[in-house]
Amino acid sequence: MGTQLYSFHSSLTLSLPYSYSCPPNNNNNNFHSLNYSCPQLHFFSPPKHSPRTRTFFRLRMAPLVRAAQTPVVERVVVPNKYGEKLVGLFHETGSEGIVILCHGFRSSKENTMMLNLAVALEKEGISSFRFDFAGNGESEGTFEYGNYQREADDLRSVIEHFFGANRTISAILGHSKGAMIRGDAVLLYASRYTDVSAVVNVCGRYDLKRGIAERFGEDFMQTLKEKGYIEVKDRRGTSYQVTEKSMLDRLNTDIHSACLKISDDCRVLTVHGSADKTIPVDDAIEFSKIIKNHKLQIVEGADHRFSDHQAELASIVTEFIKDSLFNCSRKWNTNALRLPKEALYLMKMHRFCQILLVSPISTFLTTQTYFQKVKNGPGCTKHRSLLRESDMVVQQHKVIVPNKYGEKLVGLLHETGSLEIVIICHGFRCTKEGRIQVNLAAALENEGISAFRFDFSGNGESEGTFEFAYYGREADDLHSVIEHFSAANRVIAGIVGHSKGARFSPVKPFGIVERGSNLQHLRGDAVLMYASKYHDIRTVVNLSGRYDLKSGIAERFGADIMQKLGESGYIDVKDEKSGGSYRVTKESVMDRLNTDMHAACLQIDKDCRVLTVHGTGDEIIPVQDAYEFAKIIPNHKLRIVEGADHGYSNHQAELASIVLEFIKASLEQDKAASS
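Residue numbers (the UniProt record's numbering): 1 to 675.
What follows is the structure, given as structure tokens:
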């Protein structure tokens, strides 16, 4: 449907894609008449009411939830009230409303649940913003246990930021994970502010005093008073401190009283799994007793992370948000506006039936002489100015690349405007949202170098079926990506691949239980395989790749692995990290066993610069493998990171610095050679 130019001077003609019953006219709106004739509405206003400036703008009508467009994913930095920069990813679909997604304890915006919800909202044409709280992920600040009020303040800063950009907040969603409850953070926000009309509380804890003694011991307060802190190690192996102050912050936070302060107009959805072992489902029932405008959804069999129920969770959340948009009862604050009455009426309709206001009207509403500033809350004007000062140069675009097998590979292009692009490949049972991939892309951004991180086929958002091994197909996927950007006259500055083992325990038919074991499918090796098969890349970074692909299989599956595969043809494997399952077939194991990394490395061009980075504390692939690569690859550089584990959990900054230094040096060498 095309757009037309309209003016406030005499009439407004709005093309409607569907029948619409306009609210009845009254004495306050200054309209002389309303003519309704499908498919158009005509509003006629008296000539005496004209604005001081003749302004034209575009209007386009749209259904409540529009068909999903190809979204743009942008990196947005928001300053909080404490001067720290909060980093987030804005999934822009063009909708007026935005859903704010808040991650859980010791997590980040890259959490699987946050990503899946953002994608589900994208498909419904709804914009969303997932961000890192201060002290988490990419955001500045120091991580603190407890800290509920500061998290509500962080959320406030994000909401004011988008208010300052003339966007509305459709809903806020928070998930509880571990001990710090972001589900409760959004409830605390709703108890303090009344500018959000829908809240989604996923697995929030009702009584914050529960669970502490079980985790830290009955004498936890005595320990805190004696030492001042308790040292805690999380599931990733990293440590954090719980101080007496942060513990008291949790103990003194009264969620019951906060929930009683939530406005009756605020719609609240609580979603909880019946099999949640972290926070009992009873807590969800308590919320339903005290929150007035409340809806409760219990997901049968779901655990705390909804490991096997991601699709069901996304469906519940999107339906609630769509319903909230349609039944939104929040009114526009038109008293602060000096606009023609018909313009105010149009703005009310804008909220009522979801007119999409495109750029020119946004400019009109914020710049014309008869528009008086509307303060959405304290600090809004400040955030407007900060927004203008920190307009991003870097944008993230979702790019879809077809591979040679007809499958769509989905990736994010971190576009800085540079001619060169670095391709970043994720590891086994991982995605483009992996911590290493995101951090490397951000480090390259900061140096003005574009990067593209994508999902191999059968992983993340990409089409296809996940396959164990099949290194040749991964090299083909990578080739499709490189051809895509080469066709756009971009220069591939380098390819980076990381090996990342996935926690697993084999299940039926053999009932093998592996505790703490790991299996590696090596994307570090995938980039080396690419360099041996294709000869169009001059810079390769191999992060923690395995030299001998035959090692590790018997230790994981048993010495009789091939006999077992010969009997049934496969082994089903459960991924402990994500909760999902995948299948290892005899064919895929043979593909791994028959892949000769030694022979492949000998085929890499001498002009191709290869960097291998490995940690001395790598518990999955021994550091000796890195030395083997150094022996046989001719144009090779080796960097050993002291103490780093396989995921570089405590060495992300050092890893980024090493990779960045190598790529920049390679770019300088290429420029010198060409000149």
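Beta carbons are placed, not taken as given, at the ideal position from N, Cα and C, and that holds for glycine.
Kindly list the residues whose CB is nearer than 7 Å to the CB of K85, restricted to its own chain and excluding five residues on each side of it in sequence; keep chain order.
V77, P79, S139, E140
Given a cut-off of 9 Å, decide if H498 and Y534 are closer than it, judged by their beta-carbon atoms.
It is not a contact, given that the beta carbons lie outside the stated cut-off.
Taking 9 Å as the threshold (C-beta atoms), are E642 and T616 in contact?
yes
Given 8 Å, three or more beta-carbon pairs between the region 561-570 and the region 597-611:
no
Alpha carbon of H383 to alpha carbon of V99, nearest angstrom
With a pLDDT of 35 at H383, under the threshold of 50, the modelled position of this residue cannot be trusted; read the value that follows with caution. Each residue's Cα considered, the two are about 19 Å apart.
Return the bridge partner residues of I424 from the DSSP annotation.
BP columns for I424 point to R453, V496.
Which residue wins for smallest C-alpha separation from L602, given the options V481, V584, N635, Y570?
N635
According to DSSP, what are the bridge partners of G88?
V76, F131, per the DSSP bridge assignment.
What residue range is occupied by the uninterrupted alpha helix (DSSP H) comprising K664?
652-674
Which two residues bound the contiguous alpha helix (DSSP H) that contains L593?
Where L593 is concerned, the enclosing alpha helix (DSSP H) stretches over 586-593.
Assign T142 to one of two classes, buried (16 or more other C-beta atoms within 10 Å of its C-beta) or exposed (fewer than that).
exposed
Which whole-angstrom value describes the C-beta separation of I423 and V481, a residue pair presumed to lie in contact below a C-beta threshold of 8 Å?
6 Å
G174 (DSSP reduced to helix, strand or coil):
strand
According to DSSP, is V268 part of a helix, a strand, or is it coil?
Here V268 sits in strand by DSSP.
What whole-angstrom Cβ distance do A441 and R429 have, given they're in contact under 8 Å?
Not really, about 20 Å apart at Cβ, beyond 8 Å.
Write down every uninterrupted run of the alpha helix (DSSP H) in the UniProt domain "Serine aminopeptidase S33" (96-225) whose length is 4 residues or greater and which is fully enclosed by it, in chain order.
112-123, 148-164, 182-192, 212-216
Can you tell me the Cα-Cα spacing of H272 and V281, whole angstroms?
6 Å
Secondary structure of L365, DSSP reduced to three states:
Low confidence applies to L365: its pLDDT is 32, below 50, so where it sits in the model is not reliable enough to give any reading.
CA-CA distance, A314 and G135?
One C-alpha to the other measures close to 27 Å.
Give the straight-line distance between the Cα atoms of Y530 and D625, rounded to the nearest whole angstrom.
19 Å
Burial state of H646, where buried means 16 or more other Cβ atoms lie within 10 Å
buried
C-beta contact flag for V72 and K398 at 9 Å
yes
Measure from the alpha carbon of G411 to the alpha carbon of each residue in E461, C266, I230, K586, then state which is nearest.
E461
Residues bridged to V613 (per DSSP):
L543, R639
Counting only the same chain and skipping the five closest in sequence on each side, list residues whose C-beta sits under 7 Å from that of N116.
Q310, A314
Say the cut is 8 Å; is the CB of L602 nearer than that to a heavy atom of the ligand FMN?
The ligand FMN is absent from the structure shown, which contains no ligands of any kind.
Helix, strand or coil, according to DSSP, for Y530 in the structure here?
If DSSP states are grouped into helix, strand and coil, Y530 belongs with the helices.
Between which two residues does the alpha helix (DSSP H) containing G566 stretch?
561-568
Can you tell me which of Q297, E96, G204, F216 puts its alpha carbon nearest to the alpha carbon of K277?
G204
I'd like to know whether the C-beta atoms of V541 and I495 end up nearer to each other than 9 Å.
yes
Identify which residue in L101, L224, M221, D207 has its Cα closest to the Cα of I169.
For I169, the closest alpha carbon among the candidates L101, L224, M221, D207 is that of L101.
In the DSSP output, what is T243 paired with across the bridge?
Y229
Take every Cβ of the region 242-253, pair it with every Cβ of the region 291-298, and state whether three or more of those distances are shorter than 8 Å.
no
Here's the rule: buried if 16 or more other CB atoms are within 10 angstroms of the residue's CB, otherwise exposed. What is G174?
buried
Figure out for me which residue from S191, L593, H304, K225 has the closest Cα to the Cα of C266.
S191
If you run the structure through DSSP and keep just helix, strand and coil, what is V623?
coil
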